[in-house]
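Number of protein chains: 8
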Amino acid sequence: GFAHLDTHRELRNGYPEVIYCAGKTTDQVAAIVKRMLELDYSNILATRANSDVARALQALTPNVEYSTTARIAVINRKPLPQPAGTIAVVTGGTSDMPVAEEAAITAEIMGNNVKRIYDVGVAGLHRLLSHLDEIMSANVVIAVAGMEGALASVVGGLVDKPVIAVPTSVGYGANFHGLAALLSMLNSCASGVAVVNIDNGFGAGYMASMINHM
Amino acid sequence: GFAHLDTHRELRNGYPEVIYCAGKTTDQVAAIVKRMLELDYSNILATRANSDVARALQALTPNVEYSTTARIAVINRKPLPQPAGTIAVVTGGTSDMPVAEEAAITAEIMGNNVKRIYDVGVAGLHRLLSHLDEIMSANVVIAVAGMEGALASVVGGLVDKPVIAVPTSVGYGANFHGLAALLSMLNSCASGVAVVNIDNGFGAGYMASMINHM
Amino acid sequence: GFAHLDTHRELRNGYPEVIYCAGKTTDQVAAIVKRMLELDYSNILATRANSDVARALQALTPNVEYSTTARIAVINRKPLPQPAGTIAVVTGGTSDMPVAEEAAITAEIMGNNVKRIYDVGVAGLHRLLSHLDEIMSANVVIAVAGMEGALASVVGGLVDKPVIAVPTSVGYGANFHGLAALLSMLNSCASGVAVVNIDNGFGAGYMASMINHM
Amino acid sequence: GFAHLDTHRELRNGYPEVIYCAGKTTDQVAAIVKRMLELDYSNILATRANSDVARALQALTPNVEYSTTARIAVINRKPLPQPAGTIAVVTGGTSDMPVAEEAAITAEIMGNNVKRIYDVGVAGLHRLLSHLDEIMSANVVIAVAGMEGALASVVGGLVDKPVIAVPTSVGYGANFHGLAALLSMLNSCASGVAVVNIDNGFGAGYMASMINHM
Amino acid sequence: GFAHLDTHRELRNGYPEVIYCAGKTTDQVAAIVKRMLELDYSNILATRANSDVARALQALTPNVEYSTTARIAVINRKPLPQPAGTIAVVTGGTSDMPVAEEAAITAEIMGNNVKRIYDVGVAGLHRLLSHLDEIMSANVVIAVAGMEGALASVVGGLVDKPVIAVPTSVGYGANFHGLAALLSMLNSCASGVAVVNIDNGFGAGYMASMINHM
Amino acid sequence: GFAHLDTHRELRNGYPEVIYCAGKTTDQVAAIVKRMLELDYSNILATRANSDVARALQALTPNVEYSTTARIAVINRKPLPQPAGTIAVVTGGTSDMPVAEEAAITAEIMGNNVKRIYDVGVAGLHRLLSHLDEIMSANVVIAVAGMEGALASVVGGLVDKPVIAVPTSVGYGANFHGLAALLSMLNSCASGVAVVNIDNGFGAGYMASMINHM
Amino acid sequence: GFAHLDTHRELRNGYPEVIYCAGKTTDQVAAIVKRMLELDYSNILATRANSDVARALQALTPNVEYSTTARIAVINRKPLPQPAGTIAVVTGGTSDMPVAEEAAITAEIMGNNVKRIYDVGVAGLHRLLSHLDEIMSANVVIAVAGMEGALASVVGGLVDKPVIAVPTSVGYGANFHGLAALLSMLNSCASGVAVVNIDNGFGAGYMASMINHM
Amino acid sequence: GFAHLDTHRELRNGYPEVIYCAGKTTDQVAAIVKRMLELDYSNILATRANSDVARALQALTPNVEYSTTARIAVINRKPLPQPAGTIAVVTGGTSDMPVAEEAAITAEIMGNNVKRIYDVGVAGLHRLLSHLDEIMSANVVIAVAGMEGALASVVGGLVDKPVIAVPTSVGYGANFHGLAALLSMLNSCASGVAVVNIDNGFGAGYMASMINHM
Ligand SMILES: Nc1ncnc2c1ncn2[C@@H]1O[C@H](COP(=O)(O)O)[C@@H](O)[C@H]1O
Ligand SMILES: Nc1ncnc2c1ncn2[C@@H]1O[C@H](COP(=O)(O)O)[C@@H](O)[C@H]1O
Ligand SMILES: Nc1ncnc2c1ncn2[C@@H]1O[C@H](COP(=O)(O)O)[C@@H](O)[C@H]1O
Ligand SMILES: Nc1ncnc2c1ncn2[C@@H]1O[C@H](COP(=O)(O)O)[C@@H](O)[C@H]1O
Ligand SMILES: [Mg+2]
Ligand SMILES: [Mg+2]
Ligand SMILES: [Mg+2]
Ligand SMILES: [Mg+2]
Ligand SMILES: [Mg+2]
Ligand SMILES: [Mg+2]
Ligand SMILES: [Mg+2]
Ligand SMILES: [Mg+2]
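Residue numbers (our numbering), protein chains in the order written: chain B, 837 to 1050; chain L, 837 to 1050; chain S, 837 to 1050; chain D, 837 to 1050; chain V, 837 to 1050; chain H, 837 to 1050; chain G, 837 to 1050; chain X, 837 to 1050.
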């Protein structure tokens, strides 16, 4: 009885049911998913799910896809119709992959064609420029970067589509767990950039999908 | 020679030329606009422009509309085609109006139909709920709020359209010049909310217009 | 001899003897409780007690009730007369339960009727609104929320009873371990809201009980 | 049309209509009050009102009482029935008086008997102790202090009534505009202390009145 | 060869040789002490020494006294002449003991008579007042407190001897690892209070000894 | 009636009566001093007094000495016996003089021989070293520095007397109004350094005098 | 007598005598320069000098060149031999010019050929790329940028010469007076970037000159 | 395919290929190095490499040198020509060695003669002064210090060569994980000091090498 489920849910095509697992016990997550399955929910997303949670969910149903990198479990996937436009997910480095995958998988489950372009940070601009066509042909760009987060500004200056910027906690010292990238992205001198919380890949994927479906 | 103008500019329909006046002398702003007028730019936006700047621009050309509240001057306005969808600009209080107007005027100059719904903060929820139809019928919502910035979360939870959240520096004490609202909006438990800088009405209007034109 | 007990204690009906266990060794806590038992104290509350401490206390006396969720041990409970009014404990999410339970159990041991309403955060306002009668009929409301802590403002705007707001450290990134919810609650645009420390369920339960007994 | 007034207002005995003047132009405040007077509101409170605002209100109606210290204007005062209990407003120093008066006047307009005890900070404990009887006989205590804000803890440890702590921005250097007192009060080792925003005398007076009327 | 020892050391009666062990490997600490012993140093103090370090030192020489609480090892103690005055070490709570003991042992090894008065925090002022004679008869007072650190102000207001204030990291939430107590102590409204780093018992003991020997 | 004076004051030789003028109106300061003069107080110190306050005090009595640099007014000076030891006040730069003079004048009024050594910051170490004899012959050293505040560590490492460190708000950018120097001084790797609030020359002079009179 | 001049100065070819005017009175600056002129110093640099200071210096000697933008006065310029390499000073925007000019003039007075490339921020990458040859042919690059400071990373990634990054306080909101750009530059993912204080054009010009003369 | 390698790399004599291992899995690091070996890269530097990573690399090739202290693995070292000048690496304490070694090894692999001078912090100035000749004869100085980071200012004031300052996270309490040393170094009153991120030994070694090769 601890969690409130939306049992009279209206038709909300394309919106996943989402469980944020951090701060919940494995038992609590399993109980919530169990109830959702009884109510016949599809496209359930469990974010920040560790492998214990994944195993507990797999014990409930075979319909669980788990990404170790993204720490996401997708339960009862039912493919949704996809709009023509694509969402590009761009990262500064390899270490930003967990957050980028959280964004990409969220967008995919919501019915989007996702293009991943990883490790193209601004320290070697040629890497970014060599992918410019792919990035510019997307409908929405998700820019994921830690350290100084300059990627968002450079991408925002190059494309004329909405950019969702995701600061990550990758870095050390004066990075202060993602604060440097967050402030950097909020102060972007490029127009057309909006920001979500540090490491919030889910939020970025969700927002990008909303925009891509307009 | 101090500022770089984009003289070979390609056709970028709907994107205004923007001058951020804070930190520039009145003479510098006037020189930039003079050069733009010689190059026959239209839809020039001078943000954070005080009345001195406005007067200097009016001395250059009669085609200046100045908003004291928004501190924006629009020069050489050329109306642009508008998409069907509207952008709703919602504020928590009366004191958030300067930022909200910066957003609304930016969106209007970029060719959007804007609906203003001001002073509907969450301390009196009935005010917000009585405008729910208008808000829900918009294509994009800009939520402008200071103090604790809860408006963005409540709006984000009610509508299923993208919400651009703008924290304002309205408040005092532990508000720390908008930090409270900023952190609040970044941590929104509602999905579909992305954030721009404190008091950045321009950025919100620009982003909302991009989305509304998709 | 390391801890000062109040051996000449006057009659303070309804005030529990409280030991804050964090930063004390299990041996220190046990020694303090042992001495309290010799002095025949009742309604002793050990907060932030881990299961080691709970076991050590159970070795001293059978009269120990331990809540794993709230990390509270109640020793020698002696029920106290209850006033007519109730205290409502409301949370934004399931992850706020440890703090909410600390508040609820503290209020109960001090002689209060407690109504728990959990997982009714503002991202889905209908959940909160569907419990409005229960909340409005309470004498005092304890609003427990992490992330952006908007619950306190929304509740404060709906009820005309004192609201004790408890920010929790639930969240990540720009949440900064509860800072976002704390600042949000301190800046609440609703009147009739006062705030205790991040995760301080005990303090909220104590304050609410004081008010409910007036 | 910029501000939303509650024209169908139900009977809310004892709750003042409040206008927070900071960030509003004098014209905006006057327009709001003019409309309230037409709707026959009484006990209107304009907080953070400078002398310009006061003069503008006095031009609308003779029924304006203005406190220079508290920067509060009370319009159309209609005395309300008072409960038996009193509210004590205690300050650490003389410089805390503006905030203390904001609290005291707010409580008075809401129908409370207020006892002012100023300049009794903990650096000279005898000053506080010599007023202990008055403080302990109050129903609720508002503790207003800047600098290190220790007053709240000491008062909280002495009385067994609810203490509303108001940090003020009095101080300099590592005070960081009231942050030191705010953190101090939030971390109070005394039980029964809850905190409002830095310099928020209004909020403290409102909360204390709510409690005193229970 | 990694550490610089002062081999030509002049006579510095009463100043201990100090090794700060945090951030050094056990081998490094042992090597430094070995060299000191060869040079016949006495009154060596190893602070922040865990039990591994203690064991490694005991393997070098039998003349090691180790305090588990204070995490200090004293090597080759040679009692020093003591001045008449005493140093009082006062704490707010039991959890402040590790820091207080670091201060007390440091002062003792430097030739001082130390009086320990623990768990007399301001939440129960009678505890402090009942020890006032002892505190007032000291030559220097070390006030050790976490949470809101109000103890330093209250003690500073009562005694007219120098007070060395030591904020501790005891607390949680808005305590921010001792920041609340630190700011509180720096802003003390009492005169005659100076502050050392959070948890810096050693520094306080050293400073107090210097003053006591004047 | 707003300020509590200590009318039964016992003999406290050498302790000045101090009024902190910031945040008080000129009238309030004058009223307090008027009452003190009626009670025949001597050695009254008004700190943070601007020239308006100085003039108001000079209108009350001819016995006012005012320092424009230190913003201190000394009223009714009665020279006190001086101990043999001196207090050295050392600054990093010329811009630290207001704070240094506040310290020096405070120490002088409390009966101390003060030696001023200004503009000897560590960027040119020879300046400091050329004054080493004077500094080392003092009984207590007050080290006043802004920017990075390294002076306190260097002085603390050279002398074996207590050092009272005063960070100043001199600097810009990442100095954050004195925070850099404050943190620097609190983390001093030299022993025998204790710190007062940013710009708190008064507190340093008071503490140094207490130590010098032991 | 308040400021320490280096009267026995050895030959330090190329190092200017510098006076940091902020926090000094005009009279103090004039007195220092007067003494320097008597000692026949050349290449004196007065930084952060307002026009009052400039006039006071011009009253002392005709050999004063004053830059209103850079707030620098150069006194008694004696041209120095220049190395072959140039220093490029690059800015993100027009508003960064005061800091950039402080850097450029400092470098020039120390005997360097300086190339100014202003308003080439990353929001329009083509502006930067169109100047790449000039930038890459420099020996050292000074990158001056406010807002998110991404310029330093992009430049650092393109050139293989040392980059001195200067964050400026240009921006608003979550810029926090230059903190965003500072953190961004410290966390640069490009190698070969070192950072000076916010707005410290002087320090950057000095460092770049040192490197250019190697 | 997750990491972008620069396969067409031009000749960049002296620049190491660098992998920042933190936040990458051991498998990812090994895969990147494997690909580099296939492309016949030399002088590969893996920083922040734990012993697991080291072992995985040693399984790929025998040409791995691993420093436990510096957490650096050097793969396929090919000695480079060295310029005449040396780089001095100076530390405040023994605990700064990991960062200092990261800097030293980076500089060595890039073809520099490195002189290590460790544990010469300013608390005992004679230690630093006794090494002055060695320091002053270097071409570039890297100053590595935690706690209050005063070393950078003192070294910067003594030498007239570029100083690269590296704050370390050594310290506790108000050190805030290196923030104190970082702010201290950024505010250095000595000219010719530029700063890299907290604990960024690699960045300092790289920058120093660039300068030394000019
Ligand atoms: N109010 C504003 N807030 C943030 N960015 C702005 C604002 N107004 C203009 N800008 C941005 O600043 C750029 C122009 O800056 P500048 O080159 O300094 O004139 C525009 O292209 C916008 O992206
Ligand atoms: N969870 C808690 N959070 C904050 N304060 C607490 C908590 N539990 C107990 N306290 C306070 O801590 C005091 C006991 O502290 P101690 O003497 O150290 O055990 C009680 O009087 C309470 O005021
Ligand atoms: N001094 C104050 N500090 C904090 N909140 C206030 C203050 N004065 C009024 N308020 C709140 O602000 C609301 C009025 O805001 P507004 O509609 O913008 O005038 C009132 O309902 C109060 O809750
Ligand atoms: N604009 C500036 N920013 C930072 N440091 C400066 C600046 N101008 C001068 N300085 C430094 O300040 C010193 C002079 O300080 P002062 O003796 O107080 O005039 C010079 O040696 C420089 O190192
Ligand atoms: Mg763009
Ligand atoms: Mg939504
Ligand atoms: Mg309410
Ligand atoms: Mg206790
Ligand atoms: Mg005292
Ligand atoms: Mg100087
Ligand atoms: Mg010393
Ligand atoms: Mg480079």
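Where a beta carbon is used, it is the ideal one built from N, C-alpha and C, also for glycine.
From the listed residues V910/G, T904/G, G859/G, G850/G, the smallest Cα separation to V869/G is found for V910/G. Pairing T905/H with M1046/S, the inter-Cα distance amounts to about 52 Å. In this structure, the alpha-carbon of I923/X lies about 39 Å from that of A979/B. Between the stretch 934 to 951 of chain D and the stretch 1002 to 1011 of chain S, the count of C-beta pairs closer than 8 Å stays below three; the two stretches do not touch. R952/H: member of the beta strand (DSSP E) spanning 949 to 953, first to last residue. V854/V has its alpha-carbon roughly 56 Å from the corresponding atom of A959/S. Around the Cβ of T897/G, a 10 Å sphere holds fewer than 16 other Cβ atoms; the residue is exposed.
Within the stretch 984 to 998 of chain D, the residues whose Cβ lies closer than 8 Å to any Cβ of chain S are, in chain order, D996, K997, P998. In the structure shown, Y1042/G adopts helical secondary structure according to DSSP, grouped into three states. Below 8 Å, too few C-beta pairs join the stretch 1012 to 1029 of chain L and the stretch 952 to 967 of chain L to call them touching: fewer than three. Around A1030/G, the beta-carbon contacts reaching into chain X at under 7 Å are I1000, A1030, V1031, V1032, M1043. The distance from the Cβ of A974/L to that of A988/L is about 15 Å, inconsistent with a contact at the 8 Å cut-off. Between the alpha carbons of G985/H and G859/G lies a gap of roughly 16 Å.
Contact between the stretch 937 to 952 of chain X and the stretch 1030 to 1050 of chain X is established, with three or more Cβ pairs separated by less than 8 Å. Relative to the Cα of A892/L, the nearest Cα in the group T861/L, G1037/L, N1048/L, F1038/L belongs to T861/L. When L1018/B, M972/B, G850/B, A885/B are compared, the shortest CA-CA separation from P919/B is found for G850/B.
Annotation for A979/B: the continuous beta strand (DSSP E) segment containing it runs 976 to 981.
Around N1036/X, the beta-carbon contacts reaching into chain B at under 7 Å are G1009. Taking G928/H as the centre and dropping the five residues before and after it, the same chain places the C-beta of G957, A981, L987 closer than 6 Å to its C-beta, in chain order.
Under the Cβ criterion of 9 Å, K870/H is not counted among the residues facing chain D. Under the 9 Å criterion on CB atoms, V958/D is classed as interfacial with respect to chain V. Taking 9 Å as the cut-off, the beta carbon of L1019/H is found closer than this to the beta carbon of A1016/X. Using a Cβ-Cβ cut-off of 9 Å, G859/L counts as an interface residue toward chain G, since at least one Cβ of chain G sits closer than that to its own. For I945/G, the enclosing alpha helix (DSSP H) stretches over residues 933 to 945. Cβ-Cβ distances below 7 Å link L1022/G to V1031 in the same chain, with the five nearest sequence neighbours on each side left out; the list follows chain order. At a cut-off of 9 Å, the C-beta of G1039/S has a neighbouring C-beta in chain D.
For the stretch 925 to 951 of chain V, residues whose beta-carbon sits nearer than 8 Å to a beta-carbon of chain D comprise G928, G929. Residue-level contact check: S966/V does not touch chain D, since none of the beta carbons of chain D fall below 9 Å from its beta carbon.
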